[in-house]
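Visitor: Numbering (our numbering), first residue to last: 941 to 1132.
#1: If you check the beta carbons only, do residue 1022 and residue 1038 fall under 8 Å apart?
#2: Do you know offhand how far residue 994's Cα is from residue 1092's?
#3: Identify whether residue 962 lies in helix, strand or coil by the three-state DSSP scheme.
#4: Quick check on residue 1064: does DSSP put it in helix, strand or coil?
#5: Can residue 1071 and residue 1030 be called in contact, C-beta distance under 8 Å?
#6: Do the CB positions of residue 1121 and residue 946 come within less than 8 Å of each other?
#7: Got a sec? Which residues, its chain only, sit under 8 Å from residue 1096 by beta carbon, not counting five neighbours each side?
#8: If the criterion is Cβ atoms closer than 8 Å, does the pair residue 1015 and residue 962 meet it?
#9: Among 1118, 1108 and 1047, which one has its Cα closest to the Cα of residue 1073?
#10: What number of angstroms, rounded off, separates the C-alpha of residue 976 from the C-alpha of residue 970?
#11: Go ahead and label residue 1044 buried or exposed: buried means 16 or more other beta carbons lie within 10 angstroms of its beta carbon, across all protein chains shown.
#12: DSSP three-state label for residue 943, please.
#13: Have a look at 943, 941, 949 and 942 and flag the residue whose alpha-carbon is nearest the alpha-carbon of residue 1123.
#14: Per DSSP, which one or two residues make a beta bridge with residue 970?
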């Protein structure tokens, strides 16, 4: 989310002072009303990785965004009109449609997650590829075996009980820094 201009407080974007002296990338790339897909994120990030003259630290974001950068993932096409149509259906109807096309879809898609079922159906309708067929693809097998695109070392932390306290502190800091005003300023820029 730090790719969006103006979303500074709500995304805990590093301040200019914090960024001074250490190059930061992938910050303030697009306006909030613009879509920025995981595929676009991966392409922009890979361009930085492939031209870097020094080792990089990749931090924050979701696991999907990290995997999109380092794994040999391929991205299926999207269709905003089809997605809007599917998003208007309830989960039961979506699941019924998906299972009619692919009775084994539940092994590959969280059938309790509306967003994931919509995406699986969108991909199926646009490409004819069911979740089972996509999972059997040799490229998907490479991803499961984790044949990374780049050599890297990954670090993870498990803050345990401390995490809840840090989240509360971060939330309080966001309120104090003006999160409500930031959202009010962003709202018109979103076309709302």
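All C-beta atoms in this analysis are idealised placements derived from N, C-alpha and C, irrespective of residue type, glycine included.
Guide: According to the structure data:
#1: Result no, Cβ atoms of residue 1022 and residue 1038 do not sit closer than 8 Å.
#2: Taking the Cα positions, residue 994 is about 13 Å away from residue 1092.
#3: Here residue 962 sits in coil by DSSP.
#4: Three-state result, residue 1064: helix.
#5: No; because the gap between Cβ atoms is not below 8 Å, this pair is not in contact.
#6: Here residue 1121 is not near residue 946, since their CB atoms are 8 Å or more apart.
#7: If we look at residue 1096 and ignore the five residues flanking it on each side, it has no Cβ neighbours.
#8: The beta carbons of residue 1015 and residue 962 sit no closer together than 8 Å.
#9: Residue 1047 is the option with its Cα nearest to residue 1073.
#10: C-alpha separation (whole angstroms): 8 Å.
#11: Residue environment for residue 1044: exposed (fewer than 16 other C-beta atoms within 10 angstroms of its C-beta).
#12: Correct three-state label for residue 943: coil.
#13: If we check each option's Cα against that of residue 1123, 949 comes out closest.
#14: Beta bridge pairing from DSSP links residue 970 with 944.
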